[in-house]
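One structure is given here, and the rest of the page talks about it.
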Amino acid sequence: MDLQSTINQNTSDISNNTSLTNTSKTEIERINSQQKKVWTIEDSEKLYRIQGWGNPYFSINSAGHITVSPKGDLGGSIDLFELIESIKQRNIGLPLIIRFSDILEDRIERLNACFSKAIARYKYKNIYRGVFPVKCNQNRQLVEEIVKFGKPHKFGLEAGSKPELLIAIATLNTPDSLIICNGYKDREYIETAMLAQRLGKTPIIVIEQVEEVQLVIEASRKLNIKPVVGVRVKLSTKGIGRWAGTTGDRAKFGLGIPEIIQVVNQLKNADILDSLQLLHFHIGSQISSISVIKDAIREASQIYVELAQLGANMKYLDVGGGLAVDYDGSKSKFYASKNYDMQNYANDIVAEVKEACEEKNILPPILVSESGRAVASHQSVLIFDVLGVSQVPKEEPKIVGKEEHLILQNLYETYQSINKNNYQEAYHDAIQFKEESISLFNFGYLSISDRAKVEQLYWGCFRKIQEILKGSEYIPDDLEELEKIMASIYYINLSVFQSAPDSWAINQLFPIMPIHRLDEEPTERAILADLTCDSDGKIEKFIDLR
């Protein structure tokens, strides 16, 4: 995944200046072989994998511009480049984050439609109630729109802290939609959640630490409110990817099986076991493999059935988050992708839960999921411009005479001899000679002008090797860094730490591409560097099969 982002530059078509009059057949074939293949929009689609990660919202039109279809495959599109140009005419500068509310609505519709279809297909005897984790995106306008668009589906909110709980209580006005109360809970958090019942809300307090049970019991007696309670279980199912540690014995939140039995007994002794109505688990964000999800659902379904048989008034199974986004378009179990679609996800959840409940003659639960990135990721686009570029030297090395320094003669001989049979050896020789030249310079045995010649030859060797490797299906492991070394540095008008913090903090991959000139062949590989003075403010990993 170390390929650099590709930036379009003007190219010339040599065919415009080629005359084939009275030319022999052999000469015609020679000239044709020299002519570059005409770059097409389809080539850009393949290069940037837009059909993989962008479908059905993003595509390329005949003008070579990115288009956005906010309604997905229902029709209608916006030329993103023309939109940005019109915004600039209003004296609004870049960078910009552009939000498409219709995409947000479409994601909510698709998620609910997938579960409805799965419920109908498997004749599942209950319903689906989705919730959006507020921590995923706390933008007020977005949260309000989720509540608005989710109203027909009774789409709720998940809160992981007291501030988020207050947001959920204030924003969510849909009857019977759920407020899932997760995270660390003190007495004030629990009492606030219970008091929300008097406002007509449906909060479910998810117990994640044994100590919270007594706080719930005391708050219930103090406020004379019978709460709706859930428990979060630490599954044995192994997670996958960056958040694999979310499950297992040492997970930050959740209860082991012995602790769940302890919670059941405490609630029974307090005569509120019927308040226990929900089982929740979370195996991590961005689960790229459907088999991991199926294993988790299978284990959780059995725990749900057992809780019902212990006398709990079980009604809900909250499968947490994990519904992944295919950032790189590869449709694989790579951490930035997924090997399933939304319908596959819904089908497997419904089928596994139904089978477990039917075997023990238990009424299937209302299914709840906490899908954040799968709902909100596609709806916003960050637009920025390029302010400058720093490129490796492109001057051809000058001829080195026999009277010049031996290190120059050796490096020049290496430069002249590079071919498809020895380029790997030449690569290492060039590196060695440059390192030797630095040592000679530091001890005063090489002049600064000779050092400059060494560097010209060094970059010249790398350019020749790079040309040989172009289009090669196999690149030796020790030469994979060459593309990164030769990449230009494009200075972009934003702060990575502010606008793309996940790229810096957790190496999250995002689709990055030009929004116009996609009918032209890209000629430069680049690293994107922001305008901060921090050397970490750069993006140098991009989506690609490699």
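If you're matching positions, the sequence shown starts at -1 in the working numbering and goes up one per residue.
All C-beta atoms, glycine included, are put in the ideal place defined by N, C-alpha and C.
For the options 41, 46 and 42, the alpha carbon positioned closest to that of residue 325 is the one of 46.
Two segments are said to touch when three or more pairs of C-beta atoms, one from each, lie closer than 8 angstroms; by this definition the region 160 to 170 does not touch the region 384 to 400. Note that the region 296 to 305 does not touch the region 208 to 219; fewer than 3 beta-carbon pairs, one per stretch, sit closer than 8 angstroms. For residue 536, the three-state secondary structure derived from DSSP is strand. Of all alpha-carbon atoms in 519, 135 and 178, the one lying nearest the alpha-carbon of residue 154 is that of 178. Annotation: residue 288 to residue 380 spans about 30 angstroms, alpha carbon to alpha carbon. For residue 113, the enclosing alpha helix (DSSP H) begins and ends at 99 to 119. For residue 323, the closest of 315, 340, 147 and 476 by C-alpha to C-alpha distance is 340.
Excluding sequence positions up to five before and after residue 271, its CB lies within less than 8 angstroms of the CB of 262, 265, 309, 310 and 311, all in the same chain and listed in chain order. The residue among 518, 377, 452 and 378 with its C-alpha nearest the C-alpha of residue 410 is 452. Fully contained in the region 250 to 314 are the following beta strand (DSSP E) runs of length 3 or more, in chain order: 274 to 278. Non-local C-beta neighbours of residue 181 in its own chain, meaning closer than 6 angstroms and more than five positions away in sequence, comprise 158 and 159, ordered along the chain.
Residue burial is scored here from C-beta neighbours: residue 532 has fewer than 16 other C-beta atoms within 10 angstroms and is therefore classed as exposed. The DSSP-derived three-state label of residue 398 is coil. For residue 522, the enclosing beta strand (DSSP E) starts and ends at 520 to 527.
The beta carbons of residue 387 and residue 537 sit about 15 angstroms from each other, so the pair does not count as a contact at 8 angstroms.
For residue 147, the CB contacts under 6 angstroms within the same chain, skipping 5 residues up- and downstream, are 103 and 106 in chain order. Going by beta carbons, residue 191 and residue 344 fall outside the 8 angstroms limit. The continuous beta strand (DSSP E) containing residue 386 extends over residues 384 to 388. For residue 445, the three-state secondary structure derived from DSSP is coil. Just so you know, the alpha carbons of residue 492 and residue 131 end up roughly 27 angstroms apart. Cβ-Cβ distances below 7 angstroms link residue 376 to 55, 101 and 105 in the same chain, with the five nearest sequence neighbours on each side left out; the list follows chain order.
Nearest in C-alpha terms to residue 224, of all of 281, 274 and 85, is 274. Judged by DSSP in its simplified three-state form, residue 64 adopts strand. With contacts defined as CB atoms closer than 8 angstroms, residue 460 and residue 485 fail to qualify as a contacting pair.
Here residue 500 has 506 as same chain residues with Cβ atoms under 6 angstroms from its own Cβ, once five neighbours each way along the sequence are excluded. Within the same chain, 398, 448, 451, 452 and 455 come within 8 angstroms of residue 406 by CB-CB distance, once the 5 residues on both sides are set aside.
In this structure, the straight-line span from the alpha carbon of residue 425 to that of residue 463 is close to 7 angstroms.
Per DSSP, reduced to three states, the secondary structure at residue 83 is helical.
Residue 123 and residue 362 have their C-alpha atoms spaced approximately 6 angstroms apart. Distance from the CA of residue 480 to the CA of residue 39, rounded to the nearest whole angstrom, comes to 28 angstroms. Residue 503 sits away from residue 140, with the two beta carbons spaced by 8 angstroms or more.
Counting C-beta atoms within 10 angstroms of its own C-beta, residue 90 has fewer than 16 neighbours from the protein chains shown and is therefore classed as exposed. With a threshold of 16 other beta carbon atoms within 10 Å, residue 44 falls short and is exposed. Two segments are said to touch when three or more pairs of C-beta atoms, one from each, lie closer than 8 angstroms; by this definition the region 57 to 66 does not touch the region 345 to 353.
Collapsing the DSSP output to three states places residue 459 in a helix.
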